[in-house]
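Peer 1: Shown below is the structure under consideration.
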Amino acid sequence: MGRESSKQTILEIRDLEVQFATEDGAVRAVDGVSLSIGEAETLALVGESGCGKSVTALSIARLVPEPPSRVTGGSIMLEGVNTLAMNSRELRSLRGAKVAYVFQEPGSALNPVFRVGDQIGEAIRLHRDLRGGAVAAEVLRLLKLVGIPAPEARMREYPHQLSGGMQQRVMIAMALASRPRLLVADEPTTALDVTIQAQILSLLLDLKERLGMAMLLITHNLGVVAQVADRVAVMYAGRIVEEAPVEALLRLPRHPYTRGLLDSIPKLGLGAERLSTIGGSVPHPGEMPPGCKFAPRCSIARAECHLAEPALEEIEPGRKVRCPFWKSVS
Amino acid sequence: MPLLEVRELKTHFPIHSGVLQRSKAAVKAVDGVSFQIERGETVGLVGESGCGKSTLGKTLLRLIEPTSGQIFFKEREVTSLSQRRLRPLRRHMQMIFQDPYSSLNGRMTVEQIVGEGLRIHRLVPKREVSQRVRELLEAVGLNEQYARRYPHEFSGGQRQRIGIARSLALQPDLIVADEPVSALDVSVQAQIINLMVDLQKQFNLTYLFVAHDLAVVEHISDRVIVMYLGKIVEQAAVQALYSSPLHPYTSALIASVPSLDPAERRRQVLGGDVPSPVNPPPGCAFHTRCPLVEDRCRVETPPLREVRPGHFAACHLAKP
Amino acid sequence: MAGKSGRQQWHGGVRTLAGDVWARLKRDRTALACLVVIVVYCLMASWGEWVYWSARVQDVVPIYQVQDFGHRYEPPSGAHWLGTDALGRDVFHRTIQGARIAFRVGIITSLLALPIAMVLGGAAGYFGGRLDECVVWLYSTVASIPSLLLILVIASVVGHGLIGVYLGIGLTTWVGLCRLLRAEFLKHRQLQYVEAARSLGAGHARIIIRHILPNLFHLVIINFSLRFGNAVGTEVILSFLGVGAEGEPSWGIMISDARLRLWQGVWWELAASIGATFFIVLAFNVFGDALRDAMDPRLRMVEGS
Chain V
127 MGRESSKQTI LEIRDLEVQF ATEDGAVRAV DGVSLSIGEA ETLALVGESG CGKSVTALSI
187 ARLVPEPPSR VTGGSIMLEG VNTLAMNSRE LRSLRGAKVA YVFQEPGSAL NPVFRVGDQI
247 GEAIRLHRDL RGGAVAAEVL RLLKLVGIPA PEARMREYPH QLSGGMQQRV MIAMALASRP
307 RLLVADEPTT ALDVTIQAQI LSLLLDLKER LGMAMLLITH NLGVVAQVAD RVAVMYAGRI
367 VEEAPVEALL RLPRHPYTRG LLDSIPKLGL GAERLSTIGG SVPHPGEMPP GCKFAPRCSI
427 ARAECHLAEP ALEEIEPGRK VRCPFWKSVS
Chain W
288 MPLLEVRELK THFPIHSGVL QRSKAAVKAV DGVSFQIERG ETVGLVGESG CGKSTLGKTL
348 LRLIEPTSGQ IFFKEREVTS LSQRRLRPLR RHMQMIFQDP YSSLNGRMTV EQIVGEGLRI
408 HRLVPKREVS QRVRELLEAV GLNEQYARRY PHEFSGGQRQ RIGIARSLAL QPDLIVADEP
468 VSALDVSVQA QIINLMVDLQ KQFNLTYLFV AHDLAVVEHI SDRVIVMYLG KIVEQAAVQA
528 LYSSPLHPYT SALIASVPSL DPAERRRQVL GGDVPSPVNP PPGCAFHTRC PLVEDRCRVE
588 TPPLREVRPG HFAACHLAKP
Chain F
227 MAGKSGRQQW HGGVRTLAGD VWARLKRDRT ALACLVVIVV YCLMASWGEW VYWSARVQDV
287 VPIYQVQDFG HRYEPPSGAH WLGTDALGRD VFHRTIQGAR IAFRVGIITS LLALPIAMVL
347 GGAAGYFGGR LDECVVWLYS TVASIPSLLL ILVIASVVGH GLIGVYLGIG LTTWVGLCRL
407 LRAEFLKHRQ LQYVEAARSL GAGHARIIIR HILPNLFHLV IINFSLRFGN AVGTEVILSF
467 LGVGAEGEPS WGIMISDARL RLWQGVWWEL AASIGATFFI VLAFNVFGDA LRDAMDPRLR
527 MVEGS
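Protein chains in written order, with our numbering: chain V, 127 to 456; chain W, 288 to 607; chain F, 227 to 531.
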């Protein structure tokens with residue numbers, strides 16, 4: 127499932143840099159992030175809160191409020207067009223059309239005063255040349271596609287009448303309404319219960335196969351990554367520290383941070399074994415350490431790690447690590 | 288005698304409607320729950336949102352008033368006590384909250400927050416409060432210099448440590464931890480879980496650990512209770528419950544946890560949604576989603592029975 | 227949990243809330259200008275009090291009441307900075323006395339209204355039930371009567387000049403804050419920090435006073451600033467209508483006296499009293515809004531936690 131160069135590249139982010147103005151001065155939330163997603167490929171962007179993964183994802187359609195944020199460098203090519211150079215009219219026609227988003231809280235992303243069928247219909251009319259009965263038929267098709275039972279009845283209901291899982295399915299249907307080239311799912315299952323999460327994950331897998339859509343999945347849950355993604359990029363303190371095909375990364379992480387993350391997850395069937403932890407906490411964005419950003423918490427850090435930041439190196443095809451000592455990570 | 292014994296506990300929230308504010312229906316958040324907790328053990332309480340697990344935890348501390356049933360804590364019946372008589376008992380049962388942000392008063396310093404219980408119950412002389420607070424901060428792995436700071440200066444994990452120090456201050460016997468790690472990042476989660484395990488040994492604590500994350504519950508618990516729509520559907524020692532669950536809901540919950548192995552994709556998934564706790568389905572409340580459903584499940588409510596020694600399940604089909 | 231908006235949860239050095247608010251206010255030039263205006267008026271009012279009391283203690287006619295029929299309607303000059311009025315009294319000193327009365331009105335009505343709003347709103351929101359219903363009924367009733375009418379009724383029943391004004395304004399202007407505090411208490415009593423205090427064994431009084439109120443006190447301060455200006459304006463109107471101050475140089479009385487002479491070219495008394503009223507009411511309103519911006523926790527969320 128790794129990288130196949132024959133496939134067309136849908137999204138290509140290069141050296142993206144996003145700053146936030148705070149009361150203590152400007153801080154870099156995203157610092158030189160590069161990644162690409164090919165056709166029908168799912169890339170998971172993984173990291174803990176504040177690592178910059180959501181900002182990266184929202185920057186694609188320039189959805190991060192400016193100010194306080196500001197893109198200070200890099201490029202985001204969506205099907206060969208740089209979204210960072212777009213004016214606000216071009217951005218509007220991009221959003222929801224070429225790139226669609228699904229967010230964590232379906233309850234707050236749906237408008238409570240409109241029927242769900244009308245909201246999906248609105249999205250269709252906005253981006254496609256369908257009118258009248260064709261729109262209603264398309265709404266029904268989409269609701270069926272995302273596995274909503276009794277769609278004829280459901281499309282006449284209001285968001286609050288639906289459960290969280292059903293609301294998330296409606297959100298996905300709305301995102302698909304414009305047949306986007308890229309679906310960005312920002313923590314799509316975090317607010318849902320386990321059994322519902324499993325339903326949504328299997329829906330996403332299903333859609334991926336049927337529609338051949340490119341997907342950027344933002345999550346902190348490595349279990350979700352294992353279920354859906356083809357490739358994974360791990361972020362820490364605004365940078366990508368490791369990028370690899372999903373099986374390879376989960377089987378044999380090469381960056382000490384990835385290793386630490388994987389070890390600190392309680393796993394089913396392991397019983398009361400003591401969890402290993404990563405000591406310390408994420409550095410304050412205003413007080414980043416000079417060398418490797420993970421060095422102060424790293425168990426294998428050496429003196430030089432604190433001096434200069436290592437580069438993201440390709441250690442084997444399709445596999446990059448920002449740690450010169452990756453061979454000692456096991 | 289167990290540290291805590293709950294008998295037929297019910298917590299219903301009436302839904303008011305109409306001009307006369309008559310309650311016509313009720314959300315049956317906790318609907319006839321009985322169990323015991325022995326001193327020194329950790330009982331995990333799992334279920335999906337709306338199953339009543341958090342309500343149950345808060346009802347035990349009478350932060351929510353029960354509708355009926357009895358709670359025996361240290362051999363005293365708690366539900367009949369007045370708030371005034373309850374207050375001295377409060378210090379023996381404490382709570383750790385889910386949200387590390389809203390659970391700390393932003394206008395109080397760490398010392399005021401952690402020391403408040405000591406002051407209310409006059410556990411130590413006034414001038415020793417700040418010394419005691421510093422000891423507590425050290426116990427939960429925080430620098431004692433943090434005592435003068437305000438909560439907004441701390442990260443989520445540090446705040447949760449402050450919350451734990453606050454509940455430890457009263458030297459409680461029982462701590463109800465309501466989703467204590469679900470708002471935290473993965474690496475911080477592990478730190479807090481390890482801390483709770485250490486403190487349990489150090490202070491001989493008893494935990495009721497309410498959570499929706501099955502892996503976390505398996506990791507920390509001795510026994511596990513599974514709830515669905517206000518009722519206990521299964522209860523057993525942790526290994527027994529995870530290795531050979533008796534209730535189809537428990538099996539589905541365990542199977543739904545996304546595996547870290549990409550080869551194990553597309554598990555069998557439980558269909559449908561949790562029904563409304565206002566009108567739970569008749570018979571077995573799980574029958575609308577159960578893959579094994581039979582005719583009698585739709586009419587006859589299965590009692591919670593001891594199917595195997597120490598392993599209880601509320602399912603007609605459960606066999607030893 | 228991963229931040230949905232991607233905003234980081236970092237934390238800077240030690241900073242108190244008051245320091246934070248001040249740092250924000252400092253950057254708002256309009257707010258600072260208003261604060262200067264308020265301080266100047268405050269000094270004027272204090273000086274007015276001193277003049278007022280020293281005259282009473284010495285049992286002499288205070289300078290602003292000294293009549294001089296030889297110097298009626300004199301325009302501003304070195305001797306009388308703002309001229310003289312129909313009885314030859316010094317308009318500048320009368321304007322200063324107006325500030326004294328305005329500040330008395332603002333402070334005394336606040337001392338009446340704020341505690342009423344805090345006690346009723348807090349109790350209704352915190353305890354709920356029957357008590358809440360009673361409080362809601364009470365403030366809905368008060369709010370349903372046009373406020374100026376109610377103030378007029380109270381002021382004319384009580385009579386006695388300014389005491390009627392204090393009571394009239396004080397007893398009618400607690401509704402807005404009360405409603406706000408009730409809603410906020412309703413919200414805060416369900417927050418986890420309150421639940422945490424209850425599980426520690428804290429009593430109701432402790433929870434209300436030590437826990438919830440400090441989290442809402444910024445609302446009281448903002449309300450104080452906004453209502454101060456309004457109370458001053460209302461007093462001016464009442465005195466203008468003749469139900470307010472008696473025999474004392476309220477700005478309302480000065481406006482009422484001066485308006486008839488305007489066509490004769492006597493502009494200074496009207497200008498002084500209207501200008502004095504205008505700037506203080508404006509300053510308090512703008513400053514109140516700036517305070518709200520500086521203190522509102524929702525704005526703090528965006529930038530801080």
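C-beta atoms are modelled at their ideal positions from N, C-alpha and C, and glycine is treated no differently.
What are the start and end residues of the alpha helix (DSSP H) that includes Y515 of chain W?
Peer 2: Here residue 515 of chain W refers to the residue found at position 228 when the second sequence is read from its first residue. It is not in any alpha helix (DSSP H) - Y515 of chain W instead sits in the beta strand (DSSP E) that spans R510 to Y515.
Peer 1: Can you give me the Cβ contacts of R394 of chain W inside the same chain, cut-off strictly under 6 Å, excluding the 5 residues immediately before and after it?
Peer 2: The residue labelled residue 394 of chain W in the question sits at position 107 within the second sequence. Nothing listed; no residue qualifies.
Peer 1: Reducing DSSP to helix, strand and coil, say where P301 of chain W ends up.
Peer 2: One-based indexing of the second sequence puts residue 301 of chain W at position 14. In this structure, P301 of chain W counts as strand in the three-state DSSP scheme.
Peer 1: Please state whether DSSP places S476 of chain F in a helix, a strand or coil.
Peer 2: Here the question's residue 476 of chain F lines up with position 250 in the third sequence. In this structure, S476 of chain F counts as coil in the three-state DSSP scheme.
Peer 1: Would you say L302 of chain V and A340 of chain V are within 9 Å of each other, going by their C-beta atoms?
Peer 2: Taking the first residue of the first sequence as 1, we reach residue 302 of chain V at position 176. Taking the first residue of the first sequence as 1, we reach residue 340 of chain V at position 214. Against a cut-off of 9 Å, the Cβ pair of A340 of chain V and L302 of chain V comes out as no contact.
Peer 1: Looking only at its chain, what residues have a beta carbon closer than 6 Å to the beta carbon of F573 of chain W, apart from the 5 residues adjacent to it on each side?
Peer 2: Start at 1 with the first residue of the second sequence, and residue 573 of chain W comes out as number 286. Result list for F573 of chain W: Y515 and Y536, in chain order.
Peer 1: Return the first residue and the last residue of the beta strand (DSSP E) that V473 of chain W is part of.
Peer 2: What you label residue 473 of chain W is simply residue 186 of the second sequence in a count that begins at 1. Not the beta strand (DSSP E): V473 of chain W falls in the alpha helix (DSSP H), residues V473 to F490.
Peer 1: Is the Cβ-Cβ distance between L455 of chain W and L426 of chain F less than 9 Å?
Peer 2: As a working mapping, residue 455 of chain W is identified with position 168 in the second sequence. As a working mapping, residue 426 of chain F is identified with position 200 in the third sequence. No.
Peer 1: Check whether the Cβ atoms of I541 of chain W and L501 of chain W sit closer than 9 Å, and answer yes or no.
Peer 2: For the purposes of this step, residue 541 of chain W is taken as residue 254 along the second sequence, with counting starting at 1. For the purposes of this step, residue 501 of chain W is taken as residue 214 along the second sequence, with counting starting at 1. Yes. Within cutoff.
Peer 1: Counting only beta-carbon atoms, is L516 of chain W nearer than 9 Å to chain V?
Peer 2: Position 229 of the second sequence holds residue 516 of chain W. No, because no Cβ of chain V sits closer than 9 Å to the Cβ of L516 of chain W.
Peer 1: Using DSSP's beta-bridge definition, name the partner residues of F146 of chain V.
Peer 2: What you label residue 146 of chain V is simply residue 20 of the first sequence in a count that begins at 1. In the DSSP output, where bridge partners are listed per residue, F146 of chain V has V:V153 and V:S195.
Peer 1: Return the first residue and the last residue of the alpha helix (DSSP H) that M292 of chain V is part of.
Peer 2: Counting from 1 along the first sequence, the entry for residue 292 of chain V is found at position 166. From DSSP, the alpha helix (DSSP H) with M292 of chain V extends over G290 to L302.
Peer 1: Put L429 of chain W into one of helix, strand or coil per three-state DSSP.
Peer 2: Position 142 of the second sequence, counted from the first residue, corresponds to residue 429 of chain W. Three-state result, L429 of chain W: coil.
Peer 1: Can you list, in chain order, the stretches of the beta strand (DSSP E) that have 3 or more residues and sit fully within the region 308-359 of chain F?
Peer 2: List check, beta strand (DSSP E) in window: nothing returned.
Peer 1: Rounded to a whole number of angstroms, what is the C-alpha to C-alpha distance between S451 of chain F and E461 of chain F?
Peer 2: As a position in the third sequence, residue 451 of chain F is number 225, starting the count at 1. As a position in the third sequence, residue 461 of chain F is number 235, starting the count at 1. Computed Cα separation, rounded: 16 Å.
Peer 1: Is there a C-beta anywhere in chain W that falls below 9 Å from the one on D319 of chain V?
Peer 2: To locate residue 319 of chain V, count along the first sequence from 1; it is residue 193. Closer than 9 Å to some Cβ of chain W, the Cβ of D319 of chain V qualifies, so yes.
Peer 1: Between the alpha carbons of M292 of chain V and R241 of chain V, how many angstroms are there, rounded?
Peer 2: Within the first sequence, numbered from 1, the residue matching residue 292 of chain V stands at position 166. Within the first sequence, numbered from 1, the residue matching residue 241 of chain V stands at position 115. Between M292 of chain V and R241 of chain V, the C-alpha separation is close to 13 Å.
Peer 1: Does any C-beta atom of chain W lie closer than 9 Å to the C-beta of P392 of chain V?
Peer 2: For the purposes of this step, residue 392 of chain V is identified with residue 266 of the first sequence, where counting begins at 1. For P392 of chain V, the answer is yes, since a Cβ of chain W falls inside 9 Å of its Cβ.
Peer 1: Under the DSSP definition of a beta bridge, which residues are partnered with A572 of chain W?
Peer 2: Position 285 of the second sequence holds residue 572 of chain W. Its beta-bridge partners do not exist; DSSP assigns none.
Peer 1: Closer than 8 Å is the cut-off here; do at least three beta carbon pairs connect the region 360-378 of chain V with the region 156-171 of chain V?
Peer 2: Verdict: yes, contact present.
Peer 1: I'd like to know whether the C-beta atoms of G200 of chain V and L142 of chain V end up nearer to each other than 9 Å.
Peer 2: Here residue 200 of chain V corresponds to residue number 74 of the first sequence, with the count starting at 1. Here residue 142 of chain V corresponds to residue number 16 of the first sequence, with the count starting at 1. Contact: yes.
Peer 1: Can you tell me the Cα-Cα spacing of T588 of chain W and C571 of chain W, whole angstroms?
Peer 2: For the purposes of this step, residue 588 of chain W is taken as the residue at position 301 of the second sequence. For the purposes of this step, residue 571 of chain W is taken as the residue at position 284 of the second sequence. The straight-line gap from Cα to Cα measures roughly 5 Å.
Peer 1: Tell whether a beta-carbon distance below 9 Å holds between F322 of chain W and Q487 of chain W.
Peer 2: Position 35 of the second sequence, counted from the start, is the residue given in the question as residue 322 of chain W. Position 200 of the second sequence, counted from the start, is the residue given in the question as residue 487 of chain W. Against a cut-off of 9 Å, the Cβ pair of Q487 of chain W and F322 of chain W comes out as no contact.
Peer 1: Between the region 326-342 of chain V and the region 482-498 of chain W, are three or more C-beta pairs nearer than 8 Å?
Peer 2: Too few Cβ pairs lie closer than 8 Å, so no.
Peer 1: Ends of the alpha helix (DSSP H) at P232 of chain V?
Peer 2: To locate residue 232 of chain V, count along the first sequence from 1; it is residue 106. P232 to A235 is the extent of the alpha helix (DSSP H) around P232 of chain V.
Peer 1: According to DSSP, which residues form a beta bridge with I344 of chain V?
Peer 2: For the purposes of this step, residue 344 of chain V is taken as residue 218 along the first sequence, with counting starting at 1. According to DSSP, which records beta bridges pairwise, I344 of chain V is partnered with V:L171 and V:D312.
Peer 1: From the DSSP output, in three-state form, read off E491 of chain V for me.
Peer 2: Because residue 491 of chain V is not part of the residues shown, which for chain V are 127 to 456, the question remains open.
Peer 1: With distances taken Cα to Cα, identify the nearest neighbour of R294 of chain W among W:L332, W:A316, W:H603 and W:T366.
Peer 2: Along the second sequence, read from residue 1 onward, the residue named residue 294 of chain W stands at position 7. Answer by Cα proximity: W:T366.
Peer 1: Determine which residues of the region 491-508 of chain W have a Cβ less than 7 Å from any Cβ of chain V, and write them out in chain order.
Peer 2: So the list reads H499, L501, A502, V503, E505 and H506, given in the order they occur along the chain.
Peer 1: Going along the chain, which residues of its own chain have a beta-carbon closer than 8 Å to the beta-carbon of K252 of chain F, five neighbours each way excluded?
Peer 2: Counting from one through the third sequence, the residue named residue 252 of chain F turns up at place 26. The answer, listed in chain order, is L258.
Peer 1: Are the beta-carbon atoms belonging to V351 of chain V and A170 of chain V less than 9 Å from one another?
Peer 2: Start at 1 with the first residue of the first sequence, and residue 351 of chain V comes out as number 225. Start at 1 with the first residue of the first sequence, and residue 170 of chain V comes out as number 44. Yes, they are a contact pair.
Peer 1: Go to L347 of chain W, then tell me how far its alpha helix (DSSP H) extends in each direction, as first and last residue.
Peer 2: Taking the first residue of the second sequence as position 1, residue 347 of chain W is located at position 60. Where L347 of chain W is concerned, the enclosing alpha helix (DSSP H) stretches over K340 to L347.
Peer 1: In three-state DSSP terms, what is H534 of chain W?
Peer 2: Taking the first residue of the second sequence as position 1, residue 534 of chain W is located at position 247. Three-state DSSP puts H534 of chain W in coil, outside helix and strand.
Peer 1: May I ask which residues mark the beginning and end of the alpha helix (DSSP H) holding L210 of chain V?
Peer 2: For the purposes of this step, residue 210 of chain V is identified with residue 84 of the first sequence, where counting begins at 1. Here L210 of chain V belongs to no alpha helix (DSSP H), and DSSP marks it neither H nor E.
Peer 1: What does DSSP give as the partner residues of E593 of chain W in its beta bridges?
Peer 2: Reading the second sequence from its first residue, position 306 is the one you call residue 593 of chain W. Paired residue(s): W:F599.
Peer 1: Mind checking who F359 of chain W pairs with in its DSSP beta bridge?
Peer 2: On the second sequence, position 72 is the one that residue 359 of chain W refers to. In DSSP, F359 of chain W forms a bridge with W:E292 and W:E364.
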